[in-house]
Amino acid sequence: MALFREAFSKCFHVELQKPLTESESRHFANNIFETTGLIIGAKSIKNYSSYIAGTGETKRENPSVATLDTFARYVMNAPYTDEISRKAEQGQYAYWFQYRATFIREHGFTTRPAKRSPSGTYLVIIAATALIALLLFFILRKDGKEKNIVENFHSVNDDTLSAHGWFVLSKDPDWWNKKNEMENGLTLFTLPGDNWPDSTHKPVIKNLLLQKIGSDCFSAEVHMNNFVPGSEWQQAGLLLMEDTNYSGKCIRISIAYNDFFGGFKKPDEIILQAITTGGIDFTRPEEMGHLTLFSKDESDSLIHLNMQHSALRIEKNGNHFRFLYSTGSSDNNALKEAFSRDLKIQPKYIGIFALEGFVRDTIYMPVHFNYFSLVNTACDQ
Numbered sequence: 301m302a303l304f305r306e307a308f309s310k311c312f313h314v315e316l317q318k319p320l321t322e323s324e325s326r327h328f329a330n331n332i333f334e335t336t337g338l339i340i341g342a343k344s345i346k347n348y349s350s351y352i353a354g355t356g357e358t359k360r361e362n363p364s365v366a367t368l369d370t371f372a373r374y375v376m377n378a379p380y381t382d383e384i385s386r387k388a389e390q391g392q393y394a395y396w397f398q399y400r401a402t403f404i405r406e407h408g409f410t411t412r413p414a415k416r417s418p419s420g421t422y423l424v425i426i427a428a429t430a431l432i433a434l435l436l437f438f439i440l441r442k443d444g445k446e447k448n449i450v451e452n453f454h455s456v457n458d459d460t461l462s463a464h465g466w467f468v469l470s471k472d473p474d475w476w477n478k479k480n481e482m483e484n485g486l487t488l489f490t491l492p493g494d495n496w497p498d499s500t501h502k503p504v505i506k507n508l509l510l511q512k513i514g515s516d517c518f519s520a521e522v523h524m525n526n527f528v529p530g531s532e533w534q535q536a537g538l539l540l541m542e543d544t545n546y547s548g549k550c551i552r553i554s555i556a557y558n559d560f561f562g563g564f565k566k567p568d569e570i571i572l573q574a575i576t577t578g579g580i581d582f583t584r585p586e587e588m589g590h591l592t593l594f595s596k597d598e599s600d601s602l603i604h605l606n607m608q609h610s611a612l613r614i615e616k617n618g619n620h621f622r623f624l625y626s627t628g629s630s631d632n633n634a635l636k637e638a639f640s641r642d643l644k645i646q647p648k649y650i651g652i653f654a655l656e657g658f659v660r661d662t663i664y665m666p667v668h669f670n671y672f673s674l675v676n677t678a679c680d681q
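Laid out in structure tokens, this is it:
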């Protein structure tokens with residue numbers, strides 16, 4: 301039960317309170333597969349959640365050692381594998397036994413509990429947990445304010461990012477491991493993917509780096525170095541999400557490459573684009589803004605000079621959003637408002653992303669990020 305709860309918290313970033321829905325179970329199962337390379341069925345996950353967080357009327361669940369090992373691999377960030385490779389390992393379920401041994405050691409349990417009354421032990425654990433939760437509540441919410449986030453990406457080790465509140469959605473290990481390509485910065489790549497589906501693809505953005513949003517009103521900003529997209533729909537920027545499975549609304553602002561003009565002949569362009577998607581009930585996005593930054597009939601050297609430093613900012617005040625940008629040869633160029641819009645969306649997460657859409661381009665351009673901030677602001681009445 302503890303292992304399942306820990307895995308659930310890693311996937312959804314909240315504590316398990318109630319049994320999972322079918323869509324939540326599928327998302328959980330997909331996340332485990334993308335992270336570990338191993339499969340736990342969505343139906344099994346739904347049954348486990350009903351047994352652990354339900355009313356007690358469901359039948360007792362007894363997962364196999366292989367399933368327990370898969371959950372343990374997911375929680376412990378084990379290397380990506382598959383069933384054949386796991387069976388070839390000398391200790392094929394080593395992660396489960398390691399997790400169990402650590403749990404027993406840290407909680408003072410034995411495999412066969414002594415006959416003394418367990419109530420005292422449980423009461424101590426409950427009291428200690430409640431005290432820690434109470435202290436964290438007052439530390440994190442002192443004066444009713446959430447902590448501002450300023451990230452310079454001086455270290456992009458997984459442990460450092462996690463300690464700073466980051467988590468990765470749809471991790472592609474081969475490309476994620478190249479994230480330290482730039483010194484004192486984060487590198488993502490324009491991999492295939494998008495945050496809205498088409499006729500043959502489900503929404504997915506690989507290596508999407510997310511933070512939780514703790515305030516209704518905020519200002520979020522990201523800086524990039526020398527990002528000059530050069531092929532169809534290569535882009536990078538900021539993404540606001542109501543949830544982490546793309547079933548809710550999203551807002552995206554990005555610097556992107558555009559070569560589609562509906563059959564008309566125009567020079568390819570580098571654009572600033574803002575779009576919103578309505579969730580699983582809407583198949584088409586809405587383009588809120590499309591601003592040409594540079595036309596490709598201009599000098600490439602001048603374009604590269606003026607794209608040495610670029611920045612994007614989203615400001616949210618209630619339902620009103622402002623989208624700002626800057627480009628230039630220096631890192632302190634003034635931001636300019638590009639678009640503004642009233643939108644009914646309550647984002648819970650903000651992400652840094654790079655993608656190329658669902659195209660067959662295999663040129664995965666690196667995008668170097670060297671600054672991110674999420675500042676809580678007062679909401680105007």
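Per my numbering, the very first residue in the sequence shown carries number 301; after that it's consecutive. Glycine residues also receive a C-beta, built at the ideal position from the N, C-alpha and C atoms. Note that the structure is predicted; figures quoted are calculated from it, not measured.
What number of angstroms, rounded off, separates the C-alpha of residue i from the C-alpha of residue j?
i, j, result
"K471", "T335", "6 Å"
"N331", "F371", "11 Å"
"R613", "N448", "15 Å"
"H523", "E406", "42 Å"
"F453", "L461", "8 Å"
"V689", "T355", "The requested residue 689 is not part of the displayed model; the chain covers only 301 to 681."
"A520", "T576", "17 Å"
"Q511", "M482", "21 Å"
"P473", "Y546", "21 Å"
"E306", "V375", "7 Å"
"I652", "A353", "33 Å"
"A388", "K310", "28 Å"
"E451", "F672", "5 Å"
"L602", "T592", "15 Å"
"L320", "F658", "30 Å"
"S531", "P567", "13 Å"
"V468", "K506", "9 Å"
"N633", "N525", "13 Å"
"N676", "E598", "39 Å"
"G628", "P585", "30 Å"
"T662", "Q317", "42 Å"
"E324", "K478", "30 Å"
"I384", "K565", "52 Å"
"A329", "D600", "46 Å"
"F489", "Y557", "15 Å"
"K346", "I551", "30 Å"
"L440", "G408", "Unreliable positioning characterises L440 in this predicted model, as indicated by a pLDDT of 47, which lies under 50. The coordinate reading is nonetheless provided below. Distance between the alpha carbons of L440 and G408 is about 29 Å."
"S640", "H590", "12 Å"
"K596", "T487", "25 Å"
"R400", "S364", "14 Å"
"N480", "H464", "16 Å"
To the nearest whole angstrom, what separates the beta carbons of residue i and residue j, a pair I think is in contact under 8 Å?
i, j, result
"H604", "S630", "So it is not a contact: roughly 14 Å between Cβ atoms."
"Y393", "A366", "7 Å"
"E615", "F594", "Not really, about 24 Å apart at Cβ, beyond 8 Å."
Would you say residue i and residue j are within 8 Å of each other, going by their C-beta atoms?
i, j, result
"A302", "F397", "no"
"A574", "I555", "no"
"G337", "Y380", "yes"
"F518", "L674", "yes"
"W466", "L491", "no"
"L540", "Y625", "no"
"G514", "K549", "no"
"L655", "D494", "yes"
"V528", "M607", "yes"
"D680", "N617", "yes"
"R326", "A342", "yes"
"F621", "A638", "no"
Query raised in the report: Taking contact to mean at least 3 C-beta pairs separated by less than 8 Å, is the region 655-675 in contact with the region 526-546?
Result: yes
Requested in this report: Could you pull out every unbroken beta strand (DSSP E) segment of at least 3 residues lying fully inside the region 502-563, listed in chain order?
Outcome: 508-512, 518-525, 535-541, 550-558
Query raised in the report: Which runs of the alpha helix (DSSP H), 4 residues or longer, sit entirely within the region 592-637?
Result: 600-606
**Report entry** Segment contact flag, the region 639-646 with the region 492-503, C-beta cutoff 8 Å, min 3 pairs
**Finding:** no
Requested in this report: May I have a chain-ordered list of the alpha helix (DSSP H) segments no shorter than 4 residues that lie completely inside the region 353-408?
Outcome: 365-375, 383-388, 394-407
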